[in-house]
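*Asks:* Pasting in a structure now, in structure tokens, and then I'll have a few things to ask.
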Amino acid sequence: MVIWKLALFCMSVILATCSRFLLCEANNEEDRKAYIIYMGSLPKEEDYSPTSHHLSMLQQVVGGADFATNYLITSYKRSFNGFAAKLTDQEAQNLARMENVVSVFESKTMELHTTRSWDFLGFQETTTKETTSPIEGDIIIGVIDSGIWPESDSFNDKGFGPPPKKWKGTCAGGNNFTCNNKIIGARYYGVDDSARDDIGHGSHTASTAAGNKVKGISFYGIAKGIARGGVPSARIAVYKACNVGCSVADVLAAFDDAIADGVDLITASLGPNRALDFVLDPIAIGSFHAMEKGVLAIQSAGNSGPFKGLASSAAPWLLSVAASTTDRKIIDKIFLGNGVTLTGKSVNAFTSNGTKIPLVVGARASTYPNCSSDIDAENCYPSCLDRKQIKGKVVLCASLGGLEVGYEFGAFGAIVKYDEYDNPIVPFPALALDSKTYNLTLSYANSSNSPHVEILKSETIRDMDAPLVAEFSSRGPNPIVGEIMKPDISAPGVDILAAFSPTAKPSEYVEDNRSVKYNILSGTSMSCPHVAGIAAYVKSFHPDWSPAAIKSSIMTTAKPMKGTQDKEFAYGTGHVNPLQAINPGLIFNLSKVDYANLLCNIGYDTKKVRQISGDDFTCPSPQRSMVKDINYPALAIQVKPMQPFEVNFTRTVTNVGFANSTYKVNVVSSLDMNVTIVPKVLAFKSLEEKQSFNVSVSGKKNPSESVLSSSLVWTDGVHSVRVPIVVDVSEKGIK
């Protein structure tokens, strides 16, 4: 280390001289962007100084200690190694070529992706000793999001004792922010001056995961009930890395802190708009280092559905969550002037009081030649509508954008065409209709000389078809590693009522000046904290379980789902089943070594894997296993279209049920594939005993873009361990 420090000193002197007397490199500030330099695990040397090392690396590319200090944004030095800096593209390329750098990528902005949902999951308000863990209050959930509104009743600390002794974090919430024994830690990043939630998203996700029980909650009387999180007695640590968007540099800093602070779980309802290579994805990077410290990270799959292959959460050590419906459905009704009643959807808090309002078709209220086409007029594009013709009336538009245009142009209300599951929150009387119902309304409006309509306030009804995957929820297959099924699981993410910031707008409309303490939101952002709450629940019963064990317990006990042609690529293993997850019977465990082997299998060399893992791991040569044989609680493969296929999988299960137990396997029949399992019986004599089995999957020719699905279930008469088998037929498939 003495030689290393001497070399570092000499290099700094040389570079300082260069910066004074030579034009080392143009420092055009306009060309600089924030970049992440990821360096893997922290070195184990006691006298290693991450910040000094990071500055020395910067000096080598920007010229001089002063420049390096000015351009360093932050150092990641608590849980993993790396830094963020303002660099030119050329400087970034120079750093990428350095010996100890794993990856360099631009710090772009990522997207932020309940009174009934927990009851729907079987998590009743009244619990028993068997369904409540005595250490639930020691579980700490780290929430990486847009902050939190600490004064919300959902985060009151009445009845809470001091933070758990394992907590190593701090309350650095900044301006006008105070922690308590519920919110035990807070940090903020970037340009903000406080961990206080300005947009409501972070408060919503935090309260869904671990909010207190609060009675009499609703959104202006809609969806009234008791708001509560999955583990109301758990503690919350807040990491404000987002506002409207989330800086990659800030998200990595939040992971760095959360892991070192001692959280048990991390929930992140955010991500890139597409899946990235694992060493370029900040959440994959952060969650890998969380995993090696025993911390499970849960991430939303994204809101890019219903198209295949757009799930943005791809890493196998992450628990990736899709969004689905609950049995409480929010609807809205309209009364047409001809006596017909039609049903649509919106979160519309405005009471009609029997008022009938003139209805005008957007296409008829257009202003030519400002409007470029009839389709633009039907969709109520701003350049098309005549304010005078729609002011004070209800405007009928063929696209969701008609809501915003109608509101801004002074319409009394709006009716639009919208076929997706989620309900738009509206700042005036308005609703969305599916195509068929919209056409009925349009036909009435065109056939009447004086069309009128009454828009009622929204109400809730029972949805007997639930759960169904939300239209917006991102689908697999995994675009990075096709043999790792994504998403992993589905949870409630449609019309979720939870805590909100009273200073934030309850809808997306700039002029919506209403203030609410609880709001109804939809997205995989809402499903992610549901699973975080369930993971915390499982952790409270099994504090020594690995992240992979907790993940396995949630996945293998899930309930099968239906209603989509993408099958498991839409909902993972199924819909979460929290009460069963604490007693799964068998688990599929994985360690850091298993994930390191996977990195080798997908093309990383020993040097890079060692940098990531921080140990002396060596990639086996030749490879002794394949990606498909990683001990994942799902079997996934990609095969070529119009070619027969046969694939063999190997899995190992660990007994966590009864010491003496015998499991027999059943296969869900499928017309698309044949499944053979050897052996068909697993007999265990002790807890923690491991046994392996092989699965052979074969099928005939299938057209491209087909999704084939089956499953196997191991059961001992008490436990049912379900493992999906999903085949993606595409040109990317095996030869």
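Sequence positions in the sequence shown follow mature numbering (1 follows the signal peptide of the UniProt record, and there is no 0) and run -26 to -1, 1 to 709.
Cβ coordinates follow ideal geometry from the N, Cα and C atoms, glycine included.
Here the structure is a predicted model, which is why all the values come from computation and not from measurement.
Answer yes or no: do residue 14 and residue 577 have a C-beta to C-beta separation smaller than 8 Å?
*Replies:* No; because the gap between Cβ atoms is not below 8 Å, this pair is not in contact.
*Asks:* Apart from the five residues on each side of it in sequence, which residues of its chain come closer than 6 Å, Cβ to Cβ, to residue 238?
*Replies:* Only 113, 114, 513 meet the Cβ criterion.
*Asks:* For residue 489 versus residue 535, is the C-beta spacing smaller than 8 Å?
*Replies:* Cβ distance not < 8 Å, so residue 489 and residue 535 don't count as in contact.
*Asks:* Just the Cα atoms here: how many angstroms apart are residue 313 and residue 447?
*Replies:* Distance between the alpha carbons of residue 313 and residue 447 is about 37 Å.
*Asks:* Answer with buried or exposed for residue 253, where buried requires no fewer than 16 other C-beta atoms within 10 angstroms of its C-beta.
*Replies:* Classification of residue 253: buried, given that the 10 Å Cβ count is 16 or more.
*Asks:* Per DSSP, residue 426 forms a beta bridge with which residues?
*Replies:* For residue 426, which the question treats as bridged, DSSP gives the partners 332.
*Asks:* Tell me where the alpha helix (DSSP H) around residue 262 begins and ends.
*Replies:* Looking at the DSSP string, the run of the alpha helix (DSSP H) that includes residue 262 is 256 to 266.
*Asks:* One question on the structure: do residue 511 and residue 558 come within less than 8 Å of each other, judged by their Cβ atoms?
*Replies:* Not closer than 8 Å, so no.
*Asks:* Kindly list the residues whose CB is nearer than 8 Å to the CB of residue 532, restricted to its own chain and excluding five residues on each side of it in sequence; keep chain order.
*Replies:* Within the same chain, residue 532 has close Cβ partners 463, 464, 546, 547, 548, 549, 550, 551, 696.
*Asks:* Measure the alpha-carbon distance for residue 41 versus residue 231 and round it to whole angstroms.
*Replies:* About 26 Å.
*Asks:* In the DSSP assignment, find the alpha helix (DSSP H) that holds residue 554 and state where it starts and stops.
*Replies:* Taken as a continuous stretch (DSSP letters only), the alpha helix (DSSP H) holding residue 554 covers 552 to 555.
*Asks:* Is it buried or exposed, residue 585, if we count other Cβ atoms within 10 angstroms and call 16 or more buried?
*Replies:* It is buried - the Cβ of residue 585 has at least 16 other Cβ atoms within 10 Å.
*Asks:* Just verifying my parser: in three-state terms, what is the DSSP assignment at residue 135?
*Replies:* Of the three classes helix, strand and coil, the one that applies to residue 135 here is coil, per DSSP.
*Asks:* On the three-state DSSP scale, how would you describe residue 63?
*Replies:* In the structure shown, residue 63 sits in a helix (DSSP, three-state: H, G or I).
*Asks:* Compute the beta-carbon to beta-carbon distance between residue 212 and residue 121, rounded to the nearest angstrom, for a pair I have assumed lies under 8 Å.
*Replies:* The Cβ separation is near 6 Å, so the contact holds.
*Asks:* Closest by CA to residue 278, which one among 48, 438, 37, 499?
*Replies:* Selected option, being the one with the closest Cα: 499.
*Asks:* Would you mind sorting residue 652 into buried or exposed? The rule is 16 or more other CB atoms within 10 Å of its CB.
*Replies:* Result: exposed.
*Asks:* Roughly how many angstroms separate the alpha carbons of residue 310 and residue 354, rounded to a whole number?
*Replies:* Near 21 Å, if we compare the C-alpha coordinates of residue 354 and residue 310.
*Asks:* Closer than 8 Å is the cut-off here; do at least three beta carbon pairs connect the region 257 to 269 with the region 196 to 208?
*Replies:* Flag = no, the region 257 to 269 and the region 196 to 208 do not touch.
*Asks:* What does the alpha-carbon distance come out to for the pair residue 233 and residue 625?
*Replies:* Using only the alpha carbons, I get a separation of about 30 Å.
*Asks:* Please state whether DSSP places residue 458 in a helix, a strand or coil.
*Replies:* Reduced to three states, the DSSP call for residue 458 is coil.
*Asks:* Sorted by chain position, which residues of the same chain lie with C-beta nearer than 6 Å to residue 156's C-beta, five sequence neighbours on each side aside?
*Replies:* Result list for residue 156: 129, 131, 134, in chain order.
*Asks:* Is the distance from the Cβ of residue 370 to the Cβ of residue 389 below 8 Å?
*Replies:* Yes.
*Asks:* How is residue 504 classed by DSSP in three states: helix, strand or coil?
*Replies:* In this structure, residue 504 counts as helix in the three-state DSSP scheme.
*Asks:* Using a Cβ-Cβ cut-off of 8 Å (strictly less than) and excluding sequence neighbours within five positions of residue 328, which residues of its own chain qualify?
*Replies:* For residue 328, where only same-chain residues beyond five positions count, the Cβ hits under 8 Å are 428.
*Asks:* Would you report the Cα separation of residue 57 and residue 520, rounded to the nearest angstrom?
*Replies:* If I take the Cα positions, the gap works out to 28 Å.
*Asks:* Spatial neighbours of residue 648 within its chain, please: CB distance less than 6 Å, with the 5 preceding and 5 following residues excluded, ordered by chain position.
*Replies:* Around residue 648: 672.
*Asks:* Just confirm the distance between the C-beta atoms of residue 340 and residue 359, as a whole number of angstroms; I'd bet it's less than 8 Å.
*Replies:* Contact holds; Cβ gap of about 7 Å.
*Asks:* To the nearest angstrom, how far is the alpha carbon of residue 362 from that of residue 677?
*Replies:* Roughly 54 Å separates the two Cα atoms.
*Asks:* Using only CA atoms, which one of 283, 108, 142 lies nearest to residue 205?
*Replies:* The option with the nearest alpha carbon to residue 205 is 108.
*Asks:* By DSSP, does residue 702 sit in helix, in strand, or in coil?
*Replies:* DSSP places residue 702 in strand when its eight states are reduced to three.
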